[in-house]
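A.B. asks:
Chains as they are written, first to last, in the working numbering: chain D, 70 to 142; chain E, 400 to 588.
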């Protein structure tokens, strides 16, 4: 029992994962850039920097996985 | 004092309704339906914070309830996909084990803070979203091994980082405020 064709489902997964991961990566890169001049001794700033770095890693995993899913990598 | 019987917590609780549906779909081999149900669970996770702000019903209980619901829903989802052979068992065991360790550390942090504080970090916010996606990768048969094995080291690093903050670093005076700032969409509830 399916909701849509396999091709549409594949496209849906690609957009949902690749699109979100790509946007997430860009978002966290921008956040890190904005935090460049911030006081790194502040625990909140350090938490944000670490979170953004992890966000970029996770976003890249999402993009790479999506490319692999579509046979690009 | 906000009543625990509020619209935001109702939305959070409604996420549990997706679990039997997810189980039904996985049991019948309906990959697309299973993906739909875990997607609904994820959307409701984002929606509860919005409802909390809209109805101004934020509370420490709501924040904890949301975190517990995250753990139970995603934990059950991971167990289901692994049990039915849709996801590799070893990384799922790692993920659930690290999740349990993180939960234990949160209780230690609460004791250190001396009040109910839902520890949150920017990195943990991101890994929770990834966890929801993990179930979707299994139901959608999307690069399952790649995504599951890539998840393990990332989560390990984040849990280690947060363990230091929870166990070693001084608890900030406004612990709820500081830890809560990471979870802007629902963290302050």
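Backbone N, C-alpha and C define an ideal beta-carbon position, used for all residues, glycine too. The structure displayed is predicted, hence computed values, not measured ones.
#1: Leaving aside the five residues before and after residue 441 of chain E along the sequence, list all residues of the same chain whose C-beta is less than 7 Å from its C-beta, in chain order.
#2: Can you tell me where the alpha helix (DSSP H) holding residue 121 of chain D begins and where it ends?
#3: So residue 143 of chain D contacts chain E; which residues on that side make the cut at Cβ distance below 8 Å?
#4: Could you compute how far the alpha carbon of residue 102 of chain D sits from the alpha carbon of residue 118 of chain D?
#5: Indicate whether the contact test is met: 3 or more Cβ pairs, each with one atom in the region 106-114 of chain D and one in the region 538-549 of chain E, closer than 8 Å.
#6: Go through its chain and collect everything with a Cβ distance to residue 115 of chain D's Cβ below 8 Å, but skip five positions before and after it.
#7: Give me the subset of the region 453-485 of chain E whose CB atoms are less than 9 Å from a CB atom of chain A, sorted by chain position.
#8: Under 8 Å between C-beta atoms, does residue 527 of chain E make it to chain D?
#9: What does a CB cutoff of less than 7 Å around residue 527 of chain E pick up in its chain, not counting 5 residues either side in sequence?
#10: Chain D beta carbons: is any one of them nearer than 8 Å to that of residue 531 of chain E?
#11: Would you kindly work out how many angstroms separate the C-alpha atoms of residue 405 of chain E and residue 522 of chain E, rounded to a whole number?
#12: Closest to residue 570 of chain E by CA distance: which of E:422, E:416, E:512 is it?
#13: Using a Cβ-Cβ cut-off of less than 8 Å, list which residues of the region 503-514 of chain E approach chain D; keep chain order.
#14: For the candidate residues E:432, E:540, E:459, whose alpha-carbon lies nearest to that of residue 417 of chain E?
#15: Among the candidates E:446, E:472, E:520, E:448, whose CA atom is the shortest distance from the CA of residue 419 of chain E?
#16: Around the C-beta of residue 503 of chain E, are 16 or more other C-beta atoms found within 10 angstroms, so that it is buried, or is it exposed?
#17: Counting Cβ pairs, one atom from each stretch, are 3 or more of them under 8 Å apart for the region 482-494 of chain E and the region 453-463 of chain E?
#18: Here's the rule: buried if 16 or more other CB atoms are within 10 angstroms of the residue's CB, otherwise exposed. What is residue 506 of chain E?
#19: Please state whether DSSP places residue 83 of chain D in a helix, a strand or coil.
#20: Which of helix, strand or coil does DSSP assign to residue 393 of chain E?
C.D. replies: Walking through what the data contain:
#1: 531
#2: 112-138
#3: Residue 143 of chain D lies beyond the range of chain D shown here (70 to 142); nothing can be said about it.
#4: 10 Å
#5: no
#6: Cβ neighbours of residue 115 of chain D beyond the five flanking positions: 109.
#7: Any reference to chain A falls outside this structure, whose protein chains are D and E.
#8: no
#9: So the qualifying residues of the chain are 469.
#10: no
#11: 29 Å
#12: For the options E:422, E:416, E:512, the alpha carbon positioned closest to that of residue 570 of chain E is the one of E:512.
#13: none
#14: E:432
#15: E:472
#16: exposed
#17: no
#18: Looking at its Cβ environment, which holds fewer than 16 other Cβ atoms inside 10 Å, residue 506 of chain E is exposed.
#19: helix
#20: In the structure displayed, chain E extends from 400 to 588; residue 393 of chain E sits before or after that span and is not available.
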